[in-house]
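Asker:
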Amino acid sequence: MIKFFRHIRQSMINQNRTKKYLLYAIGEIILVVIGILIALQINNWNENRKLVKAEIKALKELQEGFKADTLDLNINIEALTKASRSGTIILKQLKSNAPYHDSLSLHFASALQLTRLISNDGPYDMLKTKGLDLISNDSLRKKIINMHDNRYESLRIWEKGFFVSDRYIQEQCIELFDVVQFFDLSHEGIIDARMVPHDYEALKTNKRYQTMIRTYATQSRLFLMYTMSIKAKLKAIINDINNELKALSQ
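When we follow my numbering, the leftmost residue of the sequence shown carries the number 120, and every step to the right adds one.
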């Protein structure tokens, strides 16, 4: 093709057709420029497709991570609900001078269940190494960052500093119960444990134990509300990611 155009150009020069040669030369330059622009456009399109594929992959991984986090929060919500309810039952039993019955052993264990957020940070950490700007939707990107860097972090701070310390609880309970075990495991997963007091009657006048249970029940209710609010925000983000994936796949 190049030889063909070169032949035409040389023929025009030999025939002294300068004006036509100039017009031809300009046309040839325009064709070259158009060719370059088309090549650049194709290259940009290919690069954009690569970025979209990478974004879709990242969003799917983030979505799966958030779904797993939701399951973890469900476990924590159940534990906090039990802790609040069991604490209230224990305090009512002790205050009313009610006799001991076997079902109380479940409440003694559930009242002090500890919760810990086990979040799937891998997809988010991977996104940070690739660049957070990979998520093209500004609003969605901000929600994802806020969830990991603010919401999850706040939850962990609450777990470490808001509750009565694990060590204090264990030190108190080891003197009062046959075993310190707030939950148990079976082939079905996590199940309720039992804690039988050494002296049930003594607990009715044990102000330190009652204060610990009352404090933990109150903290559990507050923490439960915060955990449920995070779960609701997670549900919204998962839905937003799903909508974004549909838009990117079109």
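Cβ coordinates follow ideal geometry from the N, Cα and C atoms, glycine included.
On a predicted model such as this, the values are computed, not experimentally measured, just so you know.
Quick one: what's got a C-beta closer than 6 Å to Y243's C-beta in the same chain, skipping five residues either side?
Answerer: Counting from 1 along the sequence shown, the entry for residue 243 is found at position 124. H267, listed in sequence order.
Asker: According to DSSP, is P242 part of a helix, a strand, or is it coil?
Answerer: The sequence position of residue 242 within the sequence shown is 123, counting from 1. Here P242 sits in helix by DSSP.
Asker: If you draw a straight line from the C-alpha of I293 to the C-alpha of V299, how long is it?
Answerer: Your numbering for residue 293 matches position 174 in the sequence shown. Your numbering for residue 299 matches position 180 in the sequence shown. One C-alpha to the other measures close to 6 Å.
Asker: When you compare only the Cα positions, how much space is there between I356 and K186?
Answerer: In the sequence shown, counting from the first residue as 1, residue 356 sits at position 237. In the sequence shown, counting from the first residue as 1, residue 186 sits at position 67. Near 10 Å, if we compare the C-alpha coordinates of K186 and I356.
Asker: Rounding to the nearest angstrom, what Cα-Cα distance links T189 and L353 in this structure?
Answerer: For the purposes of this step, residue 189 is taken as residue 70 along the sequence shown, with counting starting at 1. For the purposes of this step, residue 353 is taken as residue 234 along the sequence shown, with counting starting at 1. Roughly 7 Å separates the two Cα atoms.
Asker: In angstroms, rounded to a whole number, what distance separates the CA positions of N256 and K179?
Answerer: Translated into the one-based positions of the sequence shown, residue 256 becomes position 137. Translated into the one-based positions of the sequence shown, residue 179 becomes position 60. C-alpha separation (whole angstroms): 14 Å.
Asker: Beta-carbon within less than 7 Å of N216's beta-carbon, same chain only, minus the 5 sequence neighbours each way: which residues are those?
Answerer: Against the sequence shown, residue 216 aligns to sequence position 97. K323.
Asker: Which whole-angstrom value is the C-beta distance of S339 and G206, which I expect to be below 8 Å?
Answerer: Position 220 of the sequence shown, counted from the start, is the residue given in the question as residue 339. Position 87 of the sequence shown, counted from the start, is the residue given in the question as residue 206. Indeed they touch by this definition, with Cβ atoms about 7 Å apart.
Asker: I need the straight-line Cα distance from I332 to S222, nearest angstrom please.
Answerer: By 1-based counting over the sequence shown, the position of residue 332 is 213. By 1-based counting over the sequence shown, the position of residue 222 is 103. C-alpha separation (whole angstroms): 17 Å.
Asker: Within the same chain, show all residues whose beta-carbon is closer than 6 Å to that of S238, passing over the 5 residues directly before and after it, in chain order.
Answerer: For the purposes of this step, residue 238 is taken as residue 119 along the sequence shown, with counting starting at 1. Excluding residues within five positions, the ones whose Cβ falls inside 6 Å are D188 and Y271.
Asker: Got a sec? Which residues, its chain only, sit under 7 Å from K262 by beta carbon, not counting five neighbours each side?
Answerer: Taking the sequence shown and counting its residues from 1, one reaches residue 262 at position 143. Excluding sequence neighbours, K262 sits near I356 and D359.
Asker: Roughly how many angstroms lie between the CA atoms of E363 and D252, to the nearest whole one?
Answerer: One-based indexing of the sequence shown puts residue 363 at position 244. One-based indexing of the sequence shown puts residue 252 at position 133. Cα to Cα, the separation comes out at about 15 Å.
Asker: Taking the alpha carbon of Q291 as the reference point, which residue from W277, N269, L170 and T330 has its own alpha carbon closest?
Answerer: For the purposes of this step, residue 291 is taken as residue 172 along the sequence shown, with counting starting at 1. Among W277, N269, L170 and T330, the Cα nearest to that of Q291 is on T330.
Asker: Considering only the alpha carbon of each residue, which of Y287, L367 and K172 lies closest to L231?
Answerer: The residue you call residue 231 lines up with position 112 of the sequence shown. That would be Y287, whose Cα lies nearest to the Cα of L231.
Asker: Quick one: what's D311 bridged to in DSSP?
Answerer: As a first step, residue 311 is located in the sequence shown; it is residue number 192 there, counting from the start. Partner(s): F302.
Asker: Going by the CB atoms, is the gap between F227 and I254 shorter than 9 Å?
Answerer: On the sequence shown, residue 254 is found 135 positions in, with the first residue counted as 1. On the sequence shown, residue 227 is found 108 positions in, with the first residue counted as 1. No, the pair does not count as a contact, with Cβ atoms beyond the cut-off.
Asker: Quick check on the burial criterion: 16 or more other C-beta atoms within 10 angstroms. Buried or exposed for Q289?
Answerer: The residue you call residue 289 lines up with position 170 of the sequence shown. Label assigned to Q289: exposed.
Asker: What residue range is occupied by the uninterrupted alpha helix (DSSP H) comprising Q338?
Answerer: Within the sequence shown, numbered from 1, the residue matching residue 338 stands at position 219. Per DSSP, Q338 belongs to the alpha helix (DSSP H) from K326 to S368.
Asker: Using a Cβ-Cβ cut-off of 8 Å (strictly less than) and excluding sequence neighbours within five positions of I121, which residues of its own chain qualify?
Answerer: Counting from 1 along the sequence shown, the entry for residue 121 is found at position 2. Because I121 sits at a pLDDT of 49, beneath the cut-off of 50, its placement in the model cannot be relied upon, and the point is left open.
Asker: On a Cα-Cα basis, can you pick out the residue from A351, D240, Y219 and E174 that is closest to V315?
Answerer: Residue mapping note: residue 315 aligns to position 196 of the sequence shown, counting from 1. Nearest option by C-alpha distance: Y219.
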